[in-house]
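First comes the structure, then the notes that go with it.
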Amino acid sequence: MTKPGAVAAGWFASATNASMRVQLGLEEPYAARWRPGRIVEAPVEPLSVGPLGLGLELEVCFELAADLPPRSAPYGEPEVLAAVAAVRPGIEMVVSCFADWMTQKPLNLVAEGGPEQLLVIGPAVTRWSSLPLDALPVTLTVDGQEAAVGSSGQVMAGPASVLVWLANHAARRGEGLRRGQVCNTGMCAPVFFASPGQRVQADFGPLGRVDLDLAAESGAPTRTAEPANMEEDR
Numbered sequence: 003m004t005k006p007g008a009v010a011a012g013w014f015a016s017a018t019n020a021s022m023r024v025q026l027g028l029e030e031p032y033a034a035r036w037r038p039g040r041i042v043e044a045p046v047e048p049l050s051v052g053p054l055g056l057g058l059e060l061e062v063c064f065e066l067a068a069d070l071p072p073r074s075a076p077y078g079e080p081e082v083l084a085a086v087a088a089v090r091p092g093i094e095m096v097v098s099c100f101a102d103w104m105t106q107k108p109l110n111l112v113a114e115g116g117p118e119q120l121l122v123i124g125p126a127v128t129r130w131s132s133l134p135l136d137a138l139p140v141t142l143t144v145d146g147q148e149a150a151v152g153s154s155g156q157v158m159a160g161p162a163s164v165l166v167w168l169a170n171h172a173a174r175r176g177e178g179l180r181r182g183q184v185c186n187t188g189m190c191a192p193v194f195f196a197s198p199g200q201r202v203q204a205d206f207g208p209l210g211r212v213d214l215d216l217a218a219e220s221g222a223p224t225r226t227a228e229p230a231n232m233e234e235d236r
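Here it is in structure tokens:
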């Protein structure tokens, strides 16, 4: 659990895809804080799949340049986007104790903390205002073969609308968003369940890409995703 008064590394929004909300029986997304150390910048050493399996989600991420503090009036998109320092491509690594986590009841996912475990982010794009953030093509390639295809438009009305929702969600909780935090906005393509030793490339078109190697089971250097230990918000 995030300690009272501690500043989170960022926030994630989940179930921002309409079909996922229907599948989980939710009327709106849910969100939680990333604790320090759970957001890492590519390139990283090979990452372990681990005994519980590993799902990969491709997500658009925002890095904040200014605080969006709690207040009674809701934030609008222009004000929220003015607080953005950079936009980044990202791969969210999902580890769950449930083999069928995509069909679990929401409170089961809340109880285990997400089940998001690690966010690997790509290069920062600071001149992002001309990018079609709500229509970025997204492709996941695994070992040179196309594994998943999608678009940033699959999350709400686009990633910017998710960030606005998240800013207001955090404000209502009396916390707000903070300068330097990274916020990821939900999966833009179907989740891919990875295997040891695979080479992964997440391409977000003009936003850039993230490359990721998964450790083989033969004892290659690994960094295992530990329990997220996050406080979940509904």
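Numbering (the working numbering), first residue to last: 3 to 236.
For glycine and all other residues, C-beta sits at the position ideal for the given N, C-alpha and C.
Given a threshold of 16 other Cβ atoms within 10 Å of its Cβ, counted over all protein chains shown, does residue i qualify as buried or as exposed?
{"i": "Gln119", "result": "buried"}
{"i": "Gly160", "result": "buried"}
{"i": "Phe195", "result": "exposed"}
{"i": "Gly188", "result": "buried"}
{"i": "Ala34", "result": "buried"}
{"i": "Ala217", "result": "buried"}
{"i": "Val212", "result": "buried"}
{"i": "Pro71", "result": "exposed"}
{"i": "Gln25", "result": "exposed"}
{"i": "Gly176", "result": "exposed"}
{"i": "Ser16", "result": "buried"}
{"i": "Arg90", "result": "buried"}
{"i": "Gln156", "result": "buried"}
{"i": "Pro76", "result": "exposed"}
{"i": "Ala238", "result": "Residue 238 is absent from the structure shown; the chain starts at 3 and stops at 236."}
{"i": "Arg73", "result": "exposed"}
{"i": "Ala204", "result": "buried"}
{"i": "Ser154", "result": "buried"}
{"i": "Gln147", "result": "exposed"}
{"i": "Ala84", "result": "exposed"}
{"i": "Thr226", "result": "Caution is warranted here: a pLDDT of 40 is assigned to Thr226, below 50, making its placement in the model unreliable, and no coordinate value can be reported."}
{"i": "Glu30", "result": "exposed"}
Can you give me the start and stop residues for the alpha helix (DSSP H) that residue i sits inside?
{"i": "Ala84", "result": "Glu79 to Ala84"}
{"i": "Leu26", "result": "Ala20 to Leu26"}
In three-state terms, what does DSSP make of residue i?
{"i": "Pro242", "result": "No answer is possible for residue 242: it lies beyond the span of the chain, which begins at 3 and ends at 236."}
{"i": "Leu209", "result": "helix"}
{"i": "Trp13", "result": "strand"}
{"i": "Val46", "result": "coil"}
{"i": "Ala33", "result": "strand"}
{"i": "Gln203", "result": "strand"}
{"i": "Val97", "result": "coil"}
{"i": "Asp69", "result": "coil"}
{"i": "Asp215", "result": "strand"}
{"i": "Ala127", "result": "The question names Ala, but residue 127 is Val in the sequence shown. Looking at Val127 - three-state DSSP - the assignment turns out to be strand."}
{"i": "Met3", "result": "Low confidence applies to Met3: its pLDDT is 39, below 50, so where it sits in the model is not reliable, and the reading given next is rough at best. In the structure shown, Met3 sits in coil (DSSP, three-state: anything other than H, G, I, E or B)."}
{"i": "Val122", "result": "strand"}
{"i": "Ser220", "result": "Here Ser220 scores only 42 on pLDDT, less than 50, and its place in the model should not be relied on; the value that follows carries that caveat. Ser220: coil per DSSP, three-state reduction."}
If you follow the beta strand (DSSP E) that residue i is part of, which residue opens it and which one closes it?
{"i": "Cys63", "result": "Gly57 to Leu66"}
Can you confirm whether residue i, when its beta carbon is compared against all beta carbons of chain B, has any partner nearer than 8 Å?
{"i": "Gln156", "result": "Among the chains of the structure shown, chain B does not appear; only one protein chain is present."}
Is residue i near the ligand NAD - that is, is its Cβ less than 7 Å away from at least one heavy atom of it?
{"i": "Ala84", "result": "In the structure shown, the ligand NAD is absent, as is every other ligand, since no ligand is present at all."}
Continuous alpha helix (DSSP H) assignments of at least 4 residues falling wholly in the segment 140 to 188: Counting only runs of at least 4 residues, the segment 140 to 188 fully encloses the following alpha helix (DSSP H) elements, listed from N- to C-terminal order: 161 to 174.
contact_flag[the segment 165 to 173, the segment 41 to 51] where n(CB pairs < 8 Å) is 3 or more: no
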